[in-house]
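A.B. asks: Structure provided below as structure tokens; questions to follow.
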Amino acid sequence: MPAKNLVIVESPAKAKTIEKYLGRNYKVVASLGHIRDLPKSQMGIDFDNNYEPRYISIRGKGDVIKELKRQANKVEHVYLAADPDREGEAIAWHVCHILGLDTKDNNRVVFNEITKDAVKNAFKTPRSIDMNLVDAQQARRVLDRIVGYSISPLLWKKVKKGLSAGRVQSVALKLIIDREKEINAFQPEEYWTIDGQFKKGRGKAFASSFYGVDGKKLPLPNNDAVVDIMQRIDKNQSFNVTSVVRKERRRTPAQPFTTSSLQQEANRKLGFPARKTMMLAQQLYEGINLGGKLGTVGLITYMRTDSTRVSSVAKAETSEFIHNEYGAEYAAVKIKQGKLQEGAQDAHEAIRPSSTKRTPGSLEAVLDKDQMKLYRLIWSRFVASEMTPAVVDTVSVRIEQNGVQFRANGSHTKFEGFTKLYVSSRDTDNGDKELPELAEGDQLTLAKTDPAQHFTQPPARYSEANLVKALEENGVGRPSTYAPTIETLKKRYYVKIAARRFEPTELGEIVNDLIVEFFPDIVDIKFTATVESDLDSIEAGKEEWVKVIDRFYKPFAKEVASAETGIEKVQLKDEPAGFNCDICGAPMVIKMGRYGKFYACSRFPDCRNTKAIVKEIGVVCPKCHKGQIVERKSKRNRVFYGCDRYPECDFVSWDKPVGRDCPVCQHFLIEKRSKAGIQVSCPNGDYKEPIQK
Numbered sequence: 010m011p012a013k014n015l016v017i018v019e020s021p022a023k024a025k026t027i028e029k030y031l032g033r034n035y036k037v038v039a040s041l042g043h044i045r046d047l048p049k050s051q052m053g054i055d056f057d058n059n060y061e062p063r064y065i066s067i068r069g070k071g072d073v074i075k076e077l078k079r080q081a082n083k084v085e086h087v088y089l090a091a092d093p094d095r096e097g098e099a100i101a102w103h104v105c106h107i108l109g110l111d112t113k114d115n116n117r118v119v120f121n122e123i124t125k126d127a128v129k130n131a132f133k134t135p136r137s138i139d140m141n142l143v144d145a146q147q148a149r150r151v152l153d154r155i156v157g158y159s160i161s162p163l164l165w166k167k168v169k170k171g172l173s174a175g176r177v178q179s180v181a182l183k184l185i186i187d188r189e190k191e192i193n194a195f196q197p198e199e200y201w202t203i204d205g206q207f208k209k210g211r212g213k214a215f216a217s218s219f220y221g222v223d224g225k226k227l228p229l230p231n232n233d234a235v236v237d238i239m240q241r242i243d244k245n246q247s248f249n250v251t252s253v254v255r256k257e258r259r260r261t262p263a264q265p266f267t268t269s270s271l272q273q274e275a276n277r278k279l280g281f282p283a284r285k286t287m288m289l290a291q292q293l294y295e296g297i298n299l300g301g302k303l304g305t306v307g308l309i310t311y312m313r314t315d316s317t318r319v320s321s322v323a324k325a326e327t328s329e330f331i332h333n334e335y336g337a338e339y340a341a342v343k344i345k346q347g348k349l350q351e352g353a354q355d356a357h358e359a360i361r362p363s364s365t366k367r368t369p370g371s372l373e374a375v376l377d378k379d380q381m382k383l384y385r386l387i388w389s390r391f392v393a394s395e396m397t398p399a400v401v402d403t404v405s406v407r408i409e410q411n412g413v414q415f416r417a418n419g420s421h422t423k424f425e426g427f428t429k430l431y432v433s434s435r436d437t438d439n440g441d442k443e444l445p446e447l448a449e450g451d452q453l454t455l456a457k458t459d460p461a462q463h464f465t466q467p468p469a470r471y472s473e474a475n476l477v478k479a480l481e482e483n484g485v486g487r488p489s490t491y492a493p494t495i496e497t498l499k500k501r502y503y504v505k506i507a508a509r510r511f512e513p514t515e516l517g518e519i520v521n522d523l524i525v526e527f528f529p530d531i532v533d534i535k536f537t538a539t540v541e542s543d544l545d546s547i548e549a550g551k552e553e554w555v556k557v558i559d560r561f562y563k564p565f566a567k568e569v570a571s572a573e574t575g576i577e578k579v580q581l582k583d584e585p586a587g588f589n590c591d592i593c594g595a596p597m598v599i600k601m602g603r604y605g606k607f608y609a610c611s612r613f614p615d616c617r618n619t620k621a622i623v624k625e626i627g628v629v630c631p632k633c634h635k636g637q638i639v640e641r642k643s644k645r646n647r648v649f650y651g652c653d654r655y656p657e658c659d660f661v662s663w664d665k666p667v668g669r670d671c672p673v674c675q676h677f678l679i680e681k682r683s684k685a686g687i688q689v690s691c692p693n694g695d696y697k698e699p700i701q702k
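Every letter in the sequence shown is one number past the one before it in this note's numbering, and letter 258, counting from 1, is 267.
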């Protein structure tokens with residue numbers, strides 16, 4: 010018996026999961042994302058007709074559209090179950106047009122998690138297409154098309170082909186370049202510290218730091234200031250404890266993840282780029298096959314959200330789990346029997362596991378390594394957010410002699426609370442720092458002083474996590490746009506990655522300078538944030554999308570006209586390579602390509618000889634023992650190591666070989682870098698050498 014209802018979603022994985030929950034009366038098929046869009050070969054916007062977009066069927070989607078129409082003609086009802094956001098609403102709207110459905114019909118269903126209850130409840134209360142959401146997405150698409158298709162051709166003519174510009178992309182690039190300018194302009198300043206080791210009687214020494222003189226904080230700008238302080242200290246005289254302040258401090262858990270905070274934390278804790286984080290989260294949301302009767306199940310809620318809200322049902326389940334697993338004292342709230350009202354979706358929650366009872370340990374057999382890492386992060390953060398605060402006893406001690414004051418701080422965890430499960434990467438508490446039992450009037454002996462010279466450090470380059478944080482704090486773009494934005498900056502070679510941080514390239518600086526000079530609004534953070542606010546107003550039904558586009562376009566069109574005549578042709582000069590072509594003998598030069606710089610013959614196009622620019626690391630190939638290991642870059646600009654005799658020798662490694670073999674198994678040793686330092690280890694076993702700072 011054929012199904013009576015057709016459900017259209019975006020992805021096959023999602024289709025498979027949902028069809029299992031709905032039963033035989035429902036056929037679920039995938040549109041494979043958008044099926045209509047603006048044409049690639051032209052602007053596709055009618056500026057004389059209220060910026061009307063000229064949508065066409067996406068090339069290559071003909072068979073998909075034909076199949077959707079065929080399936081729709083066989084059923085009584087068609088439901089549109091794209092994702093619960095602007096993008097999903099726009100996809101549903103486009104499908105309506107392709108299939109000739111009425112957008113006012115109640116054929117749109119949304120759910121925040123792909124679980125049996127959530128899906129079945131969604132189909133009890135379908136609604137019509139939300140045109141405010143569609144218009145907000147349409148406005149964003151039109152804005153981005155106007156900016157991209159106006160500025161990019163200028164860059165092709167004036168700089169080189171293959172370049173691009175965009176609203177969020179250009180602001181992100183400017184942030185990276187402005188930070189680089191700060192670093193280059195930074196002037197280090199000298200300062201000193203004096204650390205002291207004190208003892209009470211025969212007890213263990215504890216650390217303290219110089220604070221000031223006569224009760225006032227005193228900076229130590231140079232060695233002379235340190236000498237003055239040291240001369241005031243009488244080593245034969247004891248120090249007095251002048252103040253002991255004890256307090257109880259409560260540390261509250263971090264809120265559950267939003268899209269932005271997930272991208273940041275996954276980058277800091279797991280080293281995942283934003284693109285990888287979103288790809289893995291999509292897989293966890295759409296469903297993983299758990300085997301047996303369970304089949305495919307969505308493991309987390311929808312991963313594109315700005316909300317930290319959690320449904321009452323999830324809170325109740327998590328409270329019960331914490332009570333059973335850790336004890337009542339760890340649960341932030343008492344057990345509640347929560348139940349969703351009939352048909353309620355409770356959408357736009359924080360990112361959380363669809364069931365707290367589905368622990369990471371229970372999924373080890375079905376998740377791959379990276380899926381497990383991300384799921385564990387999401388699960389732990391969410392459960393911890395429903396746990397009680399940690400309670401820490403702190404003590405602050407002032408130690409004084411001849412007006413010279415040192416201060417020591419200690420802490421002791423009284424109750425671990427949520428930290429039993431999860432500690433944020435932003436948490437600076439490094440654990441307990443015990444001090445001996447001290448009281449005012451106690452006499453202490455100065456065991457050791459350690460004056461040290463320091464210099465102020467420039468601001469650090471942006472990591473992915475810090476760049477995402479900066480974009481979000483400034484209201485630029487939306488978290489769902491950050492991953493593709495960052496990938497575009499890498500792909501265009503506007504930035505490169507050095508020690509997991511963004512470094513602008515010469516090409517990136519040239520493009521940024523042109524956009525800053527001729528399109529100042531595009532890279533103005535306040536202006537871009539205002540545009541995002543306008544899009545939110547469209548979504549809320551407070552603004553008309555055509556008026557928002559019109560306010561933007563009229564001044565922008567004047568800037569484009571001015572740039573057409575004002576931008577001069579930029580000559581990207583070829584650098585001499587210092588050696589001759591091994592084919593024709595002409596001088597080789599260094600050219601700028603899509604994936605960075607490379608060697609090319611100066612007689613191009615008559616001679617097309619090219620070579621990759623590689624860097625020898627002084628290590629003989631551990632496989633062929635003949636070639637030298639060189640540093641290369643992948644198409645995604647990631648550094649790897651290979652033999653210079655390739656293709657005769659196919660040795661490659663993501664980690665840097667050090668030129669020594671493991672004393673345990675004789676496998677070649679590699680070098681790994683982290684914030685802690687450099688560690689040499691064996692990739693084939695447990696052998697590790699001490700970390701070098």
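The beta carbon of each residue, even a glycine, is placed where N, CA and C say it ideally should be. Quantities reported herein were computed from a predicted structural model and do not represent experimental measurements.
1. Per DSSP, what kind of secondary structure is residue 663 in: helix, strand or coil?
2. In or out: residue 23 buried (at least 16 other Cβ within 10 Å) or exposed?
3. Mind checking residue 188: buried by the 16 CB within 10 Å criterion, or exposed?
4. Is residue 268 buried or exposed, if buried means 16 or more other CB atoms sit within 10 Å of its CB?
5. With DSSP as the reference, label residue 703 as helix, strand or coil.
6. Per DSSP, what kind of secondary structure is residue 577 in: helix, strand or coil?
7. In or out: residue 580 buried (at least 16 other Cβ within 10 Å) or exposed?
8. What residue range is occupied by the uninterrupted beta strand (DSSP E) comprising residue 402?
9. Helix or strand or just coil, what does DSSP make of residue 585?
10. In the DSSP assignment, the alpha helix (DSSP H) including residue 523 goes from what residue to what residue?
11. Could you tell me which residues DSSP puts in a beta bridge with residue 172?
12. Residue 404 and residue 255 look like a contact to me (Cβ under 8 Å); what is the Cβ gap, rounded to whole Å?
13. Since residue 689 is in the alpha helix (DSSP H), which residue starts that stretch and which ends it?
14. Buried or exposed: which applies to residue 290, given that a residue is buried once 16 or more other Cβ atoms fall within 10 Å of its Cβ?
15. Under the DSSP definition of a beta bridge, which residues are partnered with residue 601?
16. What residues are listed by DSSP as bridge partners for residue 201?
17. Ignore the nearest five residues each way along the sequence and tell me which others in residue 287's own chain have a CB closer than 6 Å to its CB.
18. With a CB to CB cut of under 6 Å and the five nearest residues on each side skipped, what residues in its chain are close to residue 202?
19. Tell me the DSSP secondary structure of residue 355 in three-state form.
20. With 16 as the cutoff for other CB atoms within 10 Å, does residue 219 come out buried or exposed?
21. Can you look up residue 7 in the DSSP assignment and give me helix, strand or coil?
22. Provide the residue(s) that pair with residue 418 in DSSP beta bridges, ordered along the chain.
23. Could you pull out every unbroken alpha helix (DSSP H) segment of at least 4 residues lying fully inside the region 100-148, listed in chain order?
24. Taking the alpha carbon of residue 424 as the reference point, which residue from 560, 200, 192 and 402 has its own alpha carbon closest?
25. Alpha carbon to alpha carbon, how far is residue 632 from residue 654? Give it in angstroms, no decimals.
26. Would residue 680 and residue 697 be called neighbours here (beta carbons separated by less than 7 Å)?
27. Taking the beta strand (DSSP E) that residue 649 belongs to, which residues open and close that run?
28. Is the CB-CB distance between residue 181 and residue 143 below 7 Å?
29. If you follow the beta strand (DSSP E) that residue 249 is in, where does it begin and where does it stop?
30. Specify the secondary structure class of residue 505 as computed by DSSP and reduced to three states.
31. For residue 151, which residues from the same chain have a beta carbon less than 7 Å from its beta carbon, with the 5 sequence-adjacent residues on both sides left out?
32. Looking at residue 658 and the ligand SAM, is the gap between the Cβ and the nearest heavy atom below 6 Å?
33. In its own chain, which residues sit with a C-beta less than 8 Å from the C-beta of residue 525, not counting the 5 before and 5 after it?
C.D. replies: In short:
1. By one-based count along the sequence shown, residue 663 stands at place 654. Reduced to three states, the DSSP call for residue 663 is coil.
2. As a position in the sequence shown, residue 23 is number 14, starting the count at 1. Buried: at least 16 other Cβ atoms inside 10 Å.
3. By 1-based counting over the sequence shown, the position of residue 188 is 179. So residue 188 ends up on the buried side.
4. For the purposes of this step, residue 268 is taken as the residue at position 259 of the sequence shown. Per the 10 Å Cβ criterion, buried.
5. Not covered by the structure: residue 703. The range shown for the chain is 10 to 702.
6. Taking the first residue of the sequence shown as 1, we reach residue 577 at position 568. Correct three-state label for residue 577: coil.
7. Your numbering for residue 580 matches position 571 in the sequence shown. That one is exposed.
8. For the purposes of this step, residue 402 is identified with residue 393 of the sequence shown, where counting begins at 1. In the DSSP assignment, residue 402 falls within the unbroken beta strand (DSSP E) covering 399-410.
9. Your numbering for residue 585 matches position 576 in the sequence shown. Note: residue 585 maps to strand in three-state DSSP.
10. To locate residue 523, count along the sequence shown from 1; it is residue 514. In this chain, the alpha helix (DSSP H) harbouring residue 523 covers 515-527.
11. Start at 1 with the first residue of the sequence shown, and residue 172 comes out as number 163. None; residue 172 has no bridge partner.
12. As a working mapping, residue 404 is identified with position 395 in the sequence shown. As a working mapping, residue 255 is identified with position 246 in the sequence shown. Indeed they touch by this definition, with Cβ atoms about 5 Å apart.
13. For this step, residue 689 is matched to residue 680 along the sequence shown. Per DSSP, residue 689 belongs to no alpha helix (DSSP H); it is in the beta strand (DSSP E), 686-690.
14. The residue given as residue 290 occupies position 281 in the sequence shown. Residue 290 comes out buried.
15. Reading the sequence shown from its first residue, position 592 is the one you call residue 601. In the DSSP output, where bridge partners are listed per residue, residue 601 has 606.
16. Counting from 1 along the sequence shown, the entry for residue 201 is found at position 192. DSSP lists 462 as partners of residue 201.
17. Along the sequence shown, one-based indexing puts residue 287 at 278. If we look at residue 287 and ignore the five residues flanking it on each side, its Cβ neighbours are 492.
18. Here residue 202 corresponds to residue number 193 of the sequence shown, with the count starting at 1. For residue 202, where only same-chain residues beyond five positions count, the Cβ hits under 6 Å are 461.
19. Working through the sequence shown from its first residue, we reach residue 355 at position 346. Legend: pLDDT at residue 355 = 42, less than 50; position of this residue unreliable, no value from coordinates given.
20. Against the sequence shown, residue 219 aligns to sequence position 210. Per the 10 Å Cβ criterion, buried.
21. Because the chain here runs from 10 to 702, residue 7 falls outside it and cannot be looked at.
22. Translated into positions along the sequence shown, residue 418 becomes position 409. Residue 418 pairs with 405.
23. Given a length threshold of 4 residues, each whole run of the alpha helix (DSSP H) inside the region 100-148 is given here in chain order: 125-131.
24. One-based indexing of the sequence shown puts residue 424 at position 415. Looking only at 560, 200, 192 and 402, the smallest Cα-Cα distance to residue 424 is reached by 402.
25. In the sequence shown, residue 654 corresponds to position 645, counting from 1. In the sequence shown, residue 632 corresponds to position 623, counting from 1. So the two alpha carbons sit approximately 11 Å from each other.
26. Residue numbering aside, residue 680 sits at position 671 when the sequence shown is read from its first letter. Residue numbering aside, residue 697 sits at position 688 when the sequence shown is read from its first letter. No, Cβ-Cβ distance for residue 680 and residue 697 is not below 7 Å.
27. As a first step, residue 649 must be located in the sequence shown, where it is residue number 640. From DSSP, the beta strand (DSSP E) with residue 649 extends over 648-652.
28. Position 172 of the sequence shown, counting from 1, holds the residue named residue 181. Position 134 of the sequence shown, counting from 1, holds the residue named residue 143. Contact: no.
29. Within the sequence shown, the letter at position 240 stands for residue 249. Counting along the chain, the beta strand (DSSP E) containing residue 249 begins and ends at 248-260.
30. Position 496 of the sequence shown, counted from the first residue, corresponds to residue 505. Residue state for residue 505 is assigned as strand, using DSSP reduced to three classes.
31. The count along the sequence shown starts at 1 and reaches residue 151 at position 142. Excluding residues within five positions, the ones whose Cβ falls inside 7 Å are 54, 60, 62 and 558.
32. Although the ligand SAM was asked about, the structure shown includes no ligands whatsoever.
33. Reading the sequence shown from its first residue, position 516 is the one you call residue 525. Within its own chain, the residues whose Cβ lies closer than 8 Å to the Cβ of residue 525, once the five positions on either side in sequence are excluded, are 183 and 532, listed in chain order.
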